[in-house]
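Numbering (our numbering), first residue to last: 41 to 300.
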C-alpha cells in the first residue's frame, strides 16, 4: 500500500493559508500565539472534540512557556482578534471552588456546526493593531461574589484590628478641679505640675501661727501709734490703714478657718 505524500503521521492542527495571511494573524504577539497553540493541544487531548468546552488553566499556559503576568493580556488579545472565545469564565479560590476558563477556537467546528471565523471581520492591519493594543490594556472586571470569604455581619471595616481593653486598665479623665501631680524618682513628696501648678498659685497660702501672731502685733502697734486727728483726716487715715491691712486680715481669717 502506497502512502499519500501529503499525509501526516499523528495529530495535527490545520491552519488555512487564508487565516495565516489575514491582518489579525499578522499582529498576534508571541504570547497570544502560544495561547492558541496550548488551546489546540487541549483540543487534541480531547480527541478533536469538545470545542467550546476546552479547559485550560493558568498553570497549563505557564508550563507551556507563557509568563504568568502575560497570560491574561494574551488571552484577551486572541479573543479581540477573533481567534478564540471564552465560553465559560473561571474563578479563583481554594481547590474545591477553583475552575479554569473554557475556550472555543473559532476556526474549528463545534460538533456539526461549522467554524465561525470571527477573525475575518478585521480587514486592515491598522484595525487589528488597534484592537490588540486595546485588549492588552483592558482591565478585567472583578466578580462581585468572593468565594470562601466569610460575610461581614457586624458591619464596618472588617480589615481593622479589634481593640481589646484589659479589665485592670481604667481610663480616667481630669476635671477642671483636679490637680496633676508627679512623683520624683527618689520617692519624695509629690509636686504639682502643669495645670495643677497654676491652680495652686490661685489658692490662698496658709499662714503659720508665728506669722499670725506677728501680724496681729503689727496691727495693734499701728493702732496705738496713730495720732488723733480731726474727723475727715482720721477717716481718711483709717481707710488707708484698712486698705493696707485687708490682705493680712484675709490671710488671718483663712488660717483660722483652716485650723477649724
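From the three backbone atoms N, C-alpha and C, an ideal C-beta is built for every residue, glycine too.
Predicted model only: the values in this text are computed from it and were never measured.
- Residue 155 carries a coil assignment under DSSP once its states are collapsed to helix, strand and coil.
- Residue 108 holds the alpha-carbon nearest to the alpha-carbon of residue 98 among 116, 108, 258, 91.
- For residue 144, the uninterrupted beta strand (DSSP E) segment begins and ends at 141-145.
- About 5 Å separates the beta carbon of residue 143 from that of residue 124, a gap short enough to meet the 8 Å contact definition.
- Sequence-distant Cβ neighbours of residue 110 in its own chain, meaning closer than 8 Å and more than five residues away, are 71.
- Nearest to residue 100 by C-alpha distance, out of 118, 259, 79, is 79.
- Taking the Cα positions, residue 56 is about 11 Å away from residue 148.
- Judged by DSSP secondary structure, residue 68 falls outside any beta strand (DSSP E); it is assigned neither H nor E.
- Sixteen is the threshold: since fewer than 16 other Cβ atoms of the shown chains lie within 10 Å of the Cβ of residue 48, the residue is exposed.
- CA-CA distance, residue 257 to residue 250, rounds to 11 Å.
- In the structure shown, the three-state DSSP call for residue 124 is strand.
- Here residue 66 is exposed: its Cβ has fewer than 16 other Cβ atoms, across all protein chains shown, within 10 Å.
- According to the DSSP assignment, residue 96 belongs to the beta strand (DSSP E) that extends over 94-96.
- Rounded to whole angstroms, the Cβ separation of residue 130 and residue 141 is 5 Å, and the two are in contact under 8 Å.
- The closest CA to that of residue 69, considering only 103, 96, 175, is found on 175.
- In the DSSP assignment, residue 170 falls within the alpha helix (DSSP H) that extends over 165-177.
- Between the beta-carbon of residue 156 and that of residue 164 there is about 21 Å, and that puts the pair past the 8 Å contact cut.
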